Amino acid sequence: MSLLANSVDRALEWSVFGSFTRIGSALRSKLDRWAPLEGRTMTDRVVVMSGATSGLGLEAARAFATMGATVEIIARNEAKADATCAELRRSTANAKVNYVVADTGDLAALRRAAAELLRRHPAIHVLIHNAGALDDARQTSPEGIELTVASQVVGPFLLTSLLLPALKTAAPSRVLWVSSGGMYSEPLSVDRLEMSAADYDGTTAYARAKRAQVTLVELWAKKLEADRIVVHSMHPGWADTPGVARSLPTFRRVVGPLLRTARDGADTLVWLAVDDAPLAKSGLFWLDRRPRPIHRLSSTERSDTADERERLWRWAVEKSGISPAQPAGSFPQTSDPSR
Ligand SMILES: NC(=O)c1ccc[n+]([C@@H]2O[C@H](COP(=O)([O-])OP(=O)(O)OC[C@H]3O[C@@H](n4cnc5c(N)ncnc54)[C@H](OP(=O)(O)O)[C@@H]3O)[C@@H](O)[C@H]2O)c1
């Protein structure tokens, strides 16, 4: 990395706006001389991903299918999944694009989906937790868990554990979580993670779920190191997607043409899935192909203690209904990698 690239990158990071808009990716791609993703091949790889029926996930799935990967989409809407897969098969000339149906907040549906995925694919090279939404109205999952955390924290946690055998078989393999810079505002607090009907606020619930994601990624990374499974989270910047149009219309109007395209927002996710560099170190949080700190505020940093992390891990184990009878040796019950 050149001195100029580092200086510009630091200035962008400091400004936030410059970093998260298309200004950030445009400058960094030139200064860091990003290697093009076009022309890469993933012919023998299996990619399982949620949230590929729209926005960033759709663009990432398109990139993987173009590279020849076998792509499995986890989607909550069967008709949409069917149409998405048909369109991807047609436009990429890759017949190996399929789906399983599950809402990522529905633990029973995820268990069925995982069983089907394991039946289809003894080896999974990349698992991507991309499904996410910022919902103004509080809802609960079939298990009674507030839906933001159910679908973006508990469900992905369960799915990771259920697919571990196939990830181990494919090692070196990758588990990638699409988080958000929105998490910078929220401390780590297990007690406040699942918001009640009395205090629910969609933006806060979303930011807390995203904070939990980046923390769990660091914990998973340590746990899975010996299995040669790397675990990363990433932030796409601010990208113009159907999700942003639906949840943040005013923000979308204000930032307007400076929003990234969905393809641009998905760049680092695709790069994390296909490039060799992310295999070198696990448990990082990325934006524009560089690792970033998970804290920008001293208040959130203070909240991030070993005890709170341990509590988060136990909370996720309990909420996802993972029992000690989970397949032998496959699942860590505590966040401490030495145990
Ligand atoms: N766009 C941004 O600027 C931005 C910034 C930071 C982080 N992110 C993150 O990027 C990810 C993708 O967002 P996006 O902007 O591409 O949004 P999007 O266009 O709304 O796409 C979201 C995808 O997730 C799926 N999904 C949502 N909740 C689900 C659930 N409970 N079960 C199964 N699938 C579910 C949606 O399925 P349906 O098609 O059925 O709705 C859709 O495929 C999210 O995790 C989001 O938090 C985006």
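Mapped onto the working numbering, the consecutive letters of the sequence shown carry residue numbers 1486 to 1824.
Backbone N, C-alpha and C define an ideal beta-carbon position, used for all residues, glycine too.
Being a predicted model, the structure only gives us computed values, none of them experimental.
Proximity below 7 angstroms, CB of V1716 to CB of V1699: In terms of Cβ geometry, V1716 and V1699 do not form a close pair [threshold 7 angstroms].
Could you check whether A1566 and I1558 sit closer than 7 angstroms to each other, using their CB atoms as the reference points? Yes, these two residues count as a Cβ contact at 7 angstroms.
Only counting the same chain, and skipping five residues up and downstream in sequence, which positions put a Cβ closer than 7 angstroms to that of T1688? Excluding positions up to five away in sequence, the list reads L1619.
Euclidean distance between Cα positions of L1769 and R1777: Each residue's alpha carbon lies about 7 angstroms from the other.
Buried or exposed: which applies to V1634, given that a residue is buried once 16 or more other Cβ atoms fall within 10 Å of its Cβ? Only buried fits V1634, as 16 or more other CB atoms lie within 10 angstroms of its CB.
Coil, strand or helix - P1822 by DSSP: Bear in mind that the predicted position of P1822 carries a pLDDT of just 49, short of 50, making it too unreliable to give a figure here.
Taking only three categories from DSSP, how would you classify P1742? In the structure shown, P1742 sits in a helix (DSSP, three-state: H, G or I).
Assuming V1663 and L1754 make a contact with CB atoms under 8 angstroms, what is their CB distance in whole Å? Confirmed, about 6 angstroms.
Completely contained alpha helix (DSSP H) runs for the stretch 1595-1647, where each covers 4 or more residues: Complete alpha helix (DSSP H) runs here, min 4: 1640-1647.
Under 7 angstroms, do N1615 and M1534 count as touching if we go by C-beta distance? Contact flag set, yes.
Where does D1494 land, buried or exposed, given buried means 16+ other C-beta within 10 angstroms? By the neighbour-count criterion, in which 16 or more other beta carbons inside 10 Å mark a residue as buried, D1494 falls on the buried side.
Examine the Cβ distances between the stretch 1666-1678 and the stretch 1645-1656 and report whether three or more of them are shorter than 8 angstroms. Note that the stretch 1666-1678 does not touch the stretch 1645-1656; fewer than 3 beta-carbon pairs, one per stretch, sit closer than 8 angstroms.
Counting only runs that start and end within the stretch 1682-1747, where is the alpha helix (DSSP H) found for 4 or more residues in a row? Counting only runs of 4 or more, we get 1687-1709, 1727-1732 and 1734-1740.
For W1499, does the count of other Cβ atoms within 10 angstroms reach 16, so buried, or fall short, so exposed? It is exposed - the Cβ of W1499 has fewer than 16 other Cβ atoms within 10 Å.
Pull up the CB-CB distance for S1504 and L1497, whole angstroms please, since I reckon it's below 8 angstroms. That pair is a contact at about 4 angstroms.
Cβ contact check for the stretch 1566-1586 and the stretch 1625-1643: 3 or more pairs under 8 angstroms: As far as the Cβ criterion goes, the stretch 1566-1586 does not touch the stretch 1625-1643, which means the pair count is below three.
Inter-residue Cα distance where the pair is T1645 and V1759: Computed Cα separation, rounded: 19 angstroms.
Under DSSP, the alpha helix (DSSP H) around T1785 begins and ends at which residues? Residues S1783 to S1788.
Where does the unbroken alpha helix (DSSP H) through A1546 begin, and where does it stop? Judged by DSSP secondary structure, A1546 falls within the alpha helix (DSSP H) whose first and last residues are G1540 to T1551.
Whole angstroms is fine: what's the gap from W1519's alpha carbon to R1748's? Annotation: W1519 to R1748 spans about 15 angstroms, alpha carbon to alpha carbon.
Rounded separation between P1822 and R1796 - CA only: At P1822 the pLDDT is 49, less than 50, meaning the model places this residue with poor confidence and gives no usable figure here.
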